[in-house]
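Let me begin by presenting the structure, written as structure tokens, before commenting on it.
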Ligand code: C2E
Ligand code: MG
Ligand code: MG
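In this note's numbering, the protein residues as written are 946 to 1567.
Pasting the structure below:
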């Protein structure tokens, strides 16, 4: 392309009668325009100026072709031509000058470009032009904003080169001025699009980061306390999925507007991701108004949103980061506000302030995620089985599959630590499928035991989960009756309708469903009735308290009664002592699971336990 243009330029020069004598013969309009275009784009600028300038200079003296040539100059976008002496003082300006700059040529002749255009020379043009003329060099990127007589401000680009007299002595500079107002406007628009979010008109992530970077570069006065807020709409993807992208966009616009209303004039607001907003408050001393702001934001965003024909409620989490005087990296500041959000989510707080040490924790989490990925790929995870004892028969009737990760450096890592990491990164989906497959394979070695597998809410939400279960059962030849899936109460509240649908499909496959950790959450009786559970697992915290309470067993009794009322089996978790076991038996609990009945153990060991029990039962000694 570049080569082509330069070749065209040379060809134009030859066709026009040669470059040296500056005599163009017949004008060749399209080529002439092309040359100017080359000059504008800076390609072969020197060559084009030579042709252009000679032509315009001739035009000034040759009246017959002047109008014709000027028309071409105007057509090609060039405004006027100019010439200076060796000291940079203007000695010649063609007619277009007055129209473009708003000064009569006579007022400018004898003065330098710096004097004529002054402040209008867009930084660093002043230096460029002064140095180029003093150094007798060509220049092409000098931009000047001018306000001509019509009052419409424009941007000109000056392109110049040194001129030489006979014997090669330097005689001054000459060049053209081109109106690049449209280009500048387009550039500004592009810059705007680059830094702004189309949907809300707020700054986008790039814009926010640039602004924050500039803020950090400027440093911080003693009496300032800039604070960065990140406002994250909970499960925003869910809004899009449930109501459609148009409704999602609508909500985002409304959120942006509500944030705008809550913010101060001096705050900067942006949208940095799907449902993630940025607010920078430059002066947040004293700190109270910030808390007031977060309260107002929360309240405002809690109000229902109107999407056509529906009213929708959302919740949000807000992370705060107080910018420190030595902060330099905008991304680090942003990450810290986001880390505060994660911590808030974990601790059940909607607003959280970043504190030292939190990012260390976030880094640890990221490392854990990487190592977990490697452990899955390297098959370094294992399942342990914890038996469930039927109190009436005294037989082991089931076993819960519990994930075990033996880390090469850190030893045993609890699933309570790595499952939440896997849930956050989506790793839990392949992880659960591995658990399911492994548990089904092991179940064939575990006699008549019904194997329970824990599920995460993310599993139930993954679209092909039911198919994956069906396929695993078929591939491993597992009797569906021997597989139980444990879900926690949180799942029920997430998205009731689709969860119910998935659970019903699973039930149709012939599986059993247990509600895990009952008593720790907020599942009301309504949920218990609505969902197709087979078993209620009473959380170990209830079992633990039952032993100490004055009314030992009252809670246990009512939970067991509730389970039976609903036709469910009651299983007590975390049973550690004989007393607890007896209390549970007295209260009519069906099953117990806990260290007293058996620790989690590898499948082979579990098999030994089952075999021994079968042998004992055969000899009549339980
Ligand atoms: P959970 O499903 O309620 O599992 C019972 C937990 O209680 C297990 O902890 C078990 O080792 C522990 N436990 C059993 N008996 C006793 C006892 O007598 N006393 C005490 N103090 N603890 C007892 P673990 O294996 O650390 O698992 C913790 C949680 O991690 C599980 O709670 C479950 O929510 C999750 N988890 C474990 N494996 C998986 C898995 O494969 N997938 C998913 N999604 N979650 C899993
Ligand atoms: Mg469980
Ligand atoms: Mg449990």
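Quick reminder that beta carbons are idealized off the backbone N, C-alpha and C, glycines included.
Quick caveat, the model's predicted, so the values are computed rather than measured.
Residue i, DSSP secondary structure in three states
i	result
residue 1185	helix
residue 1211	coil
residue 1377	helix
residue 1195	helix
residue 1266	strand
residue 1172	strand
residue 1321	helix
residue 1353	coil
residue 1020	With a pLDDT of only 46 at residue 1020, under the threshold of 50, the placement of this residue in the model should not be trusted; the figure read from the coordinates follows. Looking at residue 1020 - three-state DSSP - the assignment turns out to be helix.
residue 1412	helix
residue 1125	coil
residue 1138	helix
residue 1054	coil
residue 1299	coil
residue 1221	strand
residue 1084	strand
residue 1511	coil
residue 1552	helix
residue 1531	helix
residue 1391	coil
residue 1177	strand
8 Å contact criterion, which residue i and residue j should meet: CB distance rounded
i	j	result
residue 1091	residue 1065	5 Å
residue 1430	residue 1473	With a Cβ gap of about 16 Å, residue 1430 and residue 1473 do not count as contacting.
residue 1451	residue 1475	At roughly 15 Å, the Cβ-Cβ gap does not stay under 8 Å, so residue 1451 and residue 1475 are not in contact.
residue 1403	residue 1368	5 Å
residue 1181	residue 1136	Incorrect: roughly 28 Å between the Cβ atoms, too far for contact.
residue 1434	residue 1462	7 Å
residue 1425	residue 1454	5 Å
residue 1488	residue 1460	That pair is no contact at about 16 Å.
Alpha carbon of residue i to alpha carbon of residue j, nearest angstrom
i	j	result
residue 1406	residue 1413	13 Å
residue 1504	residue 1524	18 Å
residue 1297	residue 1216	19 Å
residue 1278	residue 1160	12 Å
residue 1372	residue 1334	32 Å
residue 1547	residue 1539	15 Å
residue 1290	residue 1088	52 Å
residue 1026	residue 1226	50 Å
residue 1542	residue 1275	55 Å
residue 1164	residue 1173	15 Å
residue 1364	residue 1411	21 Å
residue 1097	residue 1287	52 Å
residue 1545	residue 1178	40 Å
residue 1269	residue 1202	29 Å
residue 1263	residue 1200	14 Å
residue 1063	residue 1101	13 Å
residue 1204	residue 1242	6 Å
residue 1152	residue 1283	18 Å
residue 1560	residue 1349	29 Å
residue 1140	residue 1192	24 Å
residue 1551	residue 1331	8 Å
residue 1480	residue 1362	26 Å
residue 1329	residue 1360	12 Å
residue 1058	residue 1246	56 Å
residue 1043	residue 1105	19 Å
residue 1490	residue 1521	12 Å
residue 1436	residue 1401	8 Å
residue 1184	residue 1260	11 Å
Paired residues, beta bridge with residue i - DSSP
i	result
residue 1293	DSSP, once it has assigned bridges, lists no residue as partnering residue 1293.
residue 1027	1038, 1120
residue 1107	1118
residue 1100	1090
residue 1330	1346, 1546
residue 1398	1346, 1430
residue 1255	1252
residue 1457	1429
residue 1563	The partner list for residue 1563 (beta bridge, DSSP) is empty, contrary to what the question assumes.
residue 1340	1335
residue 1517	1483, 1537
residue 1161	According to DSSP, which records beta bridges pairwise, residue 1161 is partnered with nothing at all.
residue 1144	None, per the DSSP bridge assignment.
residue 1463	1483
Minimum Cβ-Cβ distance from residue i to chain D less than 8 Å
i	result
residue 1490	Looking at the structure shown, chain D is missing, and only one protein chain is on hand.
Using the beta carbon as the reference atom, which residues fall closer than 6 Å to any heavy atom of ligand 2, ordered along the chain?
1345, 1399, 1431, 1461
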